[in-house]
Amino acid sequence: MTVTAPAGFEAAGIAAGIKRSGALDLAVVVNRGPSQAAAAVFTSNRAKANPILWSQQAIADGVVAAVVLNSGGANCFTGTQGFQVTHGTAEAAASALGASAGDVLVCSTGLIGEQLDGEILEEGVLSAVNRLSADGGADAARAIMTTDTKPKTVVVAGDGWSVGGMAKGAGMLAPGLATMLVVLTTDADLPADALDRALRAATRVTFDRLDSDGCMSTNDQVTLLASGASGVAPDEAAFTEAVTAACRDLALQLQGDAEGASHDIAIEVLGAVTEDDAVEVGRSVARNNLFKAAIFGNDPNWGRVLAAIGTTSAPFDPYLVDVTMNGVRVCHAGGPDRPRDEVDLAPRATHVRIELHAGEASATIWTNDLTHDYVHENSAYAS
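Just so it is clear: in the sequence shown, position 342 is 342 by this note's numbering, and no numbers are missing.
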C-alpha cells in the first residue's frame, strides 16, 4: 500500500495523457489529517524546475494537504508559462480538495525544456482526485515512473504508527538533499519542525550517499507528510530511525534500478579523519568512469581506486591505504596484496572497502558500474 499504508492518507495514479505511450503519468497523494504537518528537502542544483520553485514556497509554513506528481515532462526551463502550469496544477488540486493552493506541493519529472499542457494536467488532477482511495498507493507509485523498470515502495512499522513511501529514479542520481521524486507518509503525530529534523537526518545518510552517475537533477524533491491519525507522538529518535530505514530502503531500490547497470557497488570508506572526508573519498571513486568501467568488465582494478582518491583534499597517506574488493584485500599499504584473480566480480552486489588509516570516521557511498546499456538509454531517452 506504500504511501497509503499509514492511516489518514489516500492516493491515486492515472493516465492523464501526458505520456504519448498512454501509461500512468499523474499521481495525487492527499493527507486527510487530522494533522497536515510536512517537511521537504530539494535539489541543491542552482537550475531548479518550476515545481521546485513553487514547492519551496508552499512548504514554508510546514503545512501540506496534498502532493501532485507528474511524469512525462520536467517543466524545467519553461519560463513564465511553465510556472503558470505549476500554479494552475496546484489551484486545480486545491479546488477539488477544498484546500488552499499554498498547501499543495507539485512535482514533475521527465524531459527538460518541453512545455506541459496545463489543461491536460488540470483535467488529470480532477480525475485523480475523483479516484482517491486508501488503496491507490500502488498506482501512484507507477504513475511517477519514467525510465524506471519497476515502482519503488516501502513501509516501516513503528510502535502504533508507521512510515510509508514511494520513489522514482533510475538516472541522474547524484543528489544534494534529495534524489529524484520521493513521497514519505506517516500517521505519527509530530510537528513540522520535528519532521524536518528527521527528514534531513535521514536523507543525509541515505539519498545524499547515492551517487549513481554524478548527474544532479533539476527536479529532486523528498517530501514527508504526517497525518497524526494514529494519535501517537513517538520519540523523535525512534521516528528518525524509522524514516532513515525507509529512505535507505528506497535509495537501494533506486540504485538497483539504475539505467543499464550490471553491478550495485557499495564503497565503504573507513579510517577517515572526518565523516565529510570519508564521503569525499567514497564519492571520488563513485564518480570515476575508469573505475566504473573496470567493474563493468569484472576487473578488480584497484589502481583506479587509488588514483581516484588521490584527487581528493581529504587528509591521508596514499601509501598507507588498504583496498578490499568483495572480501579480498587486493591492496595493502599502497601496494599489491592478494592476486586480483581471487576477486569474484560476477555477482551484481559489489563491495569495495577503503581503509585510509588516518582517523576513526567512516561513510558508505552507493553507486553503479558504467555500461553500454547506460549510454544507450541516455542517448535515446525522451519523455
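Beta carbons are placed, not taken as given, at the ideal position from N, Cα and C, and that holds for glycine.
Does the pairing of the stretch 215–230 with the stretch 261–279 give three or more beta-carbon distances under 8 Å? no
Is the separation between the beta-carbon of Val-222 and that of Val-41 shorter than 9 Å? Position 222 of the sequence shown, counted from the first residue, corresponds to residue 222. Position 41 of the sequence shown, counted from the first residue, corresponds to residue 41. In this structure, Val-41 lies closer than 9 Å to Val-222 by Cβ.
Residues in the same chain with beta-carbon distance under 7 Å from Ala-245, minus the five sequence neighbours each way, listed in chain order, please. By 1-based counting over the sequence shown, the position of residue 245 is 245. Answer for Ala-245: Val-156, listed in chain order.
Per-residue DSSP class, three states only, for Gly-303: Your numbering for residue 303 matches position 303 in the sequence shown. In this structure, Gly-303 counts as helix in the three-state DSSP scheme.
Would you list, in sequence order, the uninterrupted alpha helix (DSSP H) runs of no fewer than 4 residues that lie entirely inside the stretch 176–214? 192–204
So which of Arg-287, Thr-206, Ala-238 has the shortest CA-CA distance to Gln-253? One-based indexing of the sequence shown puts residue 253 at position 253. Among Arg-287, Thr-206, Ala-238, the Cα nearest to that of Gln-253 is on Thr-206.
Under 9 Å between C-beta atoms of His-351 and Ala-266: Taking the first residue of the sequence shown as position 1, residue 351 is located at position 351. Taking the first residue of the sequence shown as position 1, residue 266 is located at position 266. A contact, by the Cβ cut-off of 9 Å.
For Ile-144, which three-state DSSP category applies? Position 144 of the sequence shown holds residue 144. Judged by DSSP in its simplified three-state form, Ile-144 adopts coil rather than helix or strand.
Could you check where the beta strand (DSSP E) with Asp-322 kicks off and where it finishes? As a working note, residue 322 is residue 322 in the sequence shown. Residues 322–325.
By the 10 Å Cβ neighbour count, where 16 or more other Cβ atoms means buried, how is Arg-348 classified, buried or exposed? Numbered from its first residue, the sequence shown carries residue 348 at position 348. So Arg-348 ends up on the exposed side.
Reduced DSSP category for Gln-81 - H, G, I as helix; E, B as strand; rest coil: Translated into positions along the sequence shown, residue 81 becomes position 81. The answer is helix: DSSP assigns Gln-81 an H, G or I state.
Spatially closest choice to Ser-217 from Ser-35, Ala-11, Ser-44, Gly-22, by CA coordinates: Here residue 217 refers to the residue found at position 217 when the sequence shown is read from its first residue. Cα-wise, what sits closest to Ser-217 is Ser-44.
Continuous beta strand (DSSP E) stretch holding Cys-331: start and end: Walking along the sequence shown from the start, residue 331 turns up at place 331. Where Cys-331 is concerned, the enclosing beta strand (DSSP E) stretches over 328–332.
Taking DSSP as the reference, what is the three-state secondary structure of Ile-365? Position 365 of the sequence shown holds residue 365. Ile-365: strand per DSSP, three-state reduction.
Within the same chain, show all residues whose beta-carbon is closer than 6 Å to that of Gly-113, passing over the 5 residues directly before and after it, in chain order. Residue mapping note: residue 113 aligns to position 113 of the sequence shown, counting from 1. Excluding residues within five positions, the ones whose Cβ falls inside 6 Å are Phe-77.
Assumed close pair His-305, Phe-291 - CB separation to whole angstroms, cut-off 8 Å: Taking the sequence shown and counting its residues from 1, one reaches residue 305 at position 305. Taking the sequence shown and counting its residues from 1, one reaches residue 291 at position 291. First, the residue type needs correcting, since residue 305 is Val and not His in the sequence shown. About 6 Å separates the two Cβ atoms, so the contact holds.
Mind checking which residues open and close the alpha helix (DSSP H) that includes Asp-277? Numbered from 1 along the sequence shown, position 277 holds the residue referred to as residue 277. It spans 275–286 - the alpha helix (DSSP H) in which Asp-277 sits, taken as one unbroken run.
Can you check which of these residues, Gly-110, Ser-108, Thr-89, is closest to Ser-100 by C-alpha distance? Indexing the sequence shown from 1 puts residue 100 at position 100. In terms of Cα proximity to Ser-100, the closest of Gly-110, Ser-108, Thr-89 is Thr-89.
Would you report the Cα separation of Asp-139 and Gly-165, rounded to the nearest angstrom? By 1-based counting over the sequence shown, the position of residue 139 is 139. By 1-based counting over the sequence shown, the position of residue 165 is 165. For Asp-139 and Gly-165, the gap between their C-alpha atoms comes out near 13 Å.
Cβ contact check for the stretch 64–84 and the stretch 29–37: 3 or more pairs under 8 Å: yes
Out of curiosity, what's the CA-to-CA distance linking Val-375 and Gly-260? Along the sequence shown, read from residue 1 onward, the residue named residue 375 stands at position 375. Along the sequence shown, read from residue 1 onward, the residue named residue 260 stands at position 260. Distance between the alpha carbons of Val-375 and Gly-260 is about 8 Å.
Thinking C-alpha only, which one of Val-64, Ile-14, Phe-83, Pro-191 is nearest Asp-385? No statement about residue 385 is possible, as the shown extent of the chain runs from 1 to 383 and does not include it.
Using C-beta distances below 6 Å, list every residue in its chain close to Ile-365, excluding the 5 sequence neighbours before and after it, in chain order. One-based indexing of the sequence shown puts residue 365 at position 365. Arg-209, Asp-211, Ile-267, Gly-282, Arg-283, Ala-286.
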